[in-house]
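Peer 1: Take a look at this one; I'll ask things after.
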Amino acid sequence: MADKFKVVHYINQFFGQYGGEDTADMGIEVKEGAVGPGKIFESCLGDQFEIVATIICGDNYIAEQLEQVTEQVVDEIAKFKPDLVVAGPAFNAGRYGVACGSVCVTSQNKLGVPAITAMYPENPGVEIYKRYLFIVETGMNARTMKSDLENIAKLATKLVNHEEIGSPEAEGYIRRNIMRCVRAEYNGAKRLVDIALDRFYGRPYQTEVPVNADMDIKFAEPIKNLSKATIAMITDGGLYPTGNPDKMPAFNADRFASYSLKEQNDLKGGDWIVNHPGYDGKYVVDDPDRLIPLDAMRKLEEQGYIGKIYDEFMSTTGLGGSTENGKKIAKEIIAHLKNSGVDAIVLTST
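When we follow the numbering used here, the leftmost residue of the sequence shown carries the number -11, and every step to the right adds one.
Have a look at this one:
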């Protein structure tokens, strides 16, 4: 037992089996041994490792005071003198991903131990932390948990044994945009010609310098006279009429719905639901104006600061949304508003 590598595992309140959004404000809890997905992970790691402790923290609690709570989490981790810190996997959960990245990077820097996490490529934590640690690529949700944990275990074993880490394609981690020198079998000229021929003949090929295709988005011109402008409101916070008559999805939405604001000065609690499990929607359900600020916008309209409010608002659910679906929804909303005389949009989120 003394020869085993000691692992501390960080997970959120959901995977720690405390609950969902109703417990997202819970503080730090420390459990000895493996909890939840850690039990599967420990079996993936094999006899060389032991999860000595699991640190559990609510997503809201750490997200709202990230630096301070991260330091507290790492102080708890330090008590176990681990050889490895693992966080997640976070899949496409944004707050969880950011927390996992923060805990891992701080553990590396403060404790000097290897740390590893895992996320879906579109998790916001990836863009923030990918240059500073290894992030294993996962599926969008926990359906891929077993295989994702196996991939984490493979890379983690190499890290603690100080083995050479291969390419992202070989090891399964997300590309870090860090270049390093390697000895290739052929020189650059031959490799370039081989890639060009493979591409020409439709054969599989892998570029050595991938380029992210940035969207060419032009900034809109400023509104010259706000007092004559028509303003529309859109949210990705999942606000829908009670009963969700349009059957809007709670995850990875591929469409939007629109609802009338005619002859309304505010949105009434009890008439609306939040179909978005990525945040605690009870405050919005109590007062939907917290998400669609109709009451405040009506005052601006009455006082002449804005010309008028568009007669309907549009709603979709932003949780776990793919880039493809995001583009699709945006194009459909633009088409919906194109000939409506709308001059600007107020876009609210969670």
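Positions of the beta carbon are idealized from the N, C-alpha and C atoms, including for glycine.
Being a predicted model, the structure only gives us computed values, none of them experimental.
Give a yes or no on contact between the segment 214 to 222 and the segment 295 to 303, applying the rule of three or more CB pairs nearer than 8 Å.
Peer 2: The segment 214 to 222 is in contact with the segment 295 to 303.
Peer 1: Which runs of the beta strand (DSSP E) at least 3 residues long sit entirely within the segment 192 to 280? Give them in chain order.
Peer 2: Counting only runs of 3 or more, we get 218 to 223, 227 to 229, 245 to 248 and 260 to 262.
Peer 1: Please confirm whether P77 and M107 have their CB atoms less than 8 Å apart.
Peer 2: By 1-based counting over the sequence shown, the position of residue 77 is 89. By 1-based counting over the sequence shown, the position of residue 107 is 119. Going by C-beta atoms, P77 is nearer than 8 Å to M107.
Peer 1: Using DSSP with H/G/I as helix, E/B as strand and the rest coil, what is F29?
Peer 2: Stepping through the sequence shown from its first residue, residue 29 is reached at position 41. The answer is helix: DSSP assigns F29 an H, G or I state.
Peer 1: Where does the unbroken beta strand (DSSP E) through D299 begin, and where does it stop?
Peer 2: For the purposes of this step, residue 299 is taken as the residue at position 311 of the sequence shown. Element bounds for D299: K296 to S303.
Peer 1: Between which two residues does the beta strand (DSSP E) carrying Y(-2) extend?
Peer 2: Position 10 of the sequence shown holds residue -2. That run of the beta strand (DSSP E) goes F(-7) to N0.
Peer 1: In its own chain, which residues sit with a C-beta less than 6 Å from the C-beta of Y(-2), not counting the 5 before and 5 after it?
Peer 2: The count along the sequence shown starts at 1 and reaches residue -2 at position 10. These residues qualify, in order along the chain: I43, A75 and V91.
Peer 1: Using alpha carbons as the reference points, say which of L249, C45 and E110 lies closest to E312.
Peer 2: Within the sequence shown, numbered from 1, the residue matching residue 312 stands at position 324. Residue E110 is the option with its Cα nearest to E312.
Peer 1: Can you name the residues that DSSP bridges to F122?
Peer 2: To locate residue 122, count along the sequence shown from 1; it is residue 134. According to DSSP, F122 bridges with I104.
Peer 1: Using a beta-carbon distance below 8 Å, is Q53 in contact with chain C?
Peer 2: Of the protein chains in the structure, only one exists, and it is not chain C.
Peer 1: Assign M(-11) to one of two classes, buried (16 or more other C-beta atoms within 10 Å of its C-beta) or exposed (fewer than that).
Peer 2: The sequence position of residue -11 within the sequence shown is 1, counting from 1. Interpretation of M(-11) is limited by its pLDDT of 45, a score under 50 that renders its predicted location unreliable; no figure is taken from the coordinates.
Peer 1: Measure how close the beta-carbons of T230 and W260 come, nearest whole angstrom, since I'm counting them as under 8 Å.
Peer 2: What you label residue 230 is simply residue 242 of the sequence shown in a count that begins at 1. What you label residue 260 is simply residue 272 of the sequence shown in a count that begins at 1. Between W260 and T230 the Cβ distance is about 6 Å, and since that is below 8 Å, they are a contact.
Peer 1: Assign Q352 to buried or exposed, taking buried as 16 or more other Cβ atoms, counted over all protein chains shown, within 10 Å of its Cβ.
Peer 2: For residue 352 there is no data in the structure shown, the boundaries of the chain being -11 and 338.
Peer 1: Should D331 go down as buried or exposed, given a rule of 16 or more other Cβ atoms within 10 Å for buried?
Peer 2: Residue 331 sits at position 343 when you count from the first residue of the sequence shown. Burial call: buried.
Peer 1: Alpha carbon to alpha carbon, how far is N253 from F301?
Peer 2: Counted from its first residue, the sequence shown places residue 253 at position 265. Counted from its first residue, the sequence shown places residue 301 at position 313. Spanning the two alpha carbons is a distance of roughly 13 Å.
Peer 1: How long is the line joining the alpha carbons of K421 and E290, rounded to whole angstroms?
Peer 2: The displayed coordinates of the chain run from -11 to 338. Any statement about residue 421 would go beyond what the structure contains.
Peer 1: From which residue to which residue does the alpha helix (DSSP H) around L147 run?
Peer 2: Taking the first residue of the sequence shown as position 1, residue 147 is located at position 159. Residues M133 to V148.
Peer 1: Where do the ends of the beta strand (DSSP E) carrying E17 lie?
Peer 2: Translated into the one-based positions of the sequence shown, residue 17 becomes position 29. That run of the beta strand (DSSP E) goes E17 to E20.
Peer 1: Answer with buried or exposed for T58, where buried requires no fewer than 16 other C-beta atoms within 10 angstroms of its C-beta.
Peer 2: As a first step, residue 58 must be located in the sequence shown, where it is residue number 70. Classification for T58: buried.
Peer 1: Within this structure, are the beta carbons of L99 and V148 separated by less than 8 Å?
Peer 2: Here residue 99 refers to the residue found at position 111 of the sequence shown. Here residue 148 refers to the residue found at position 160 of the sequence shown. The answer is no: Cβ separation not under 8 Å.
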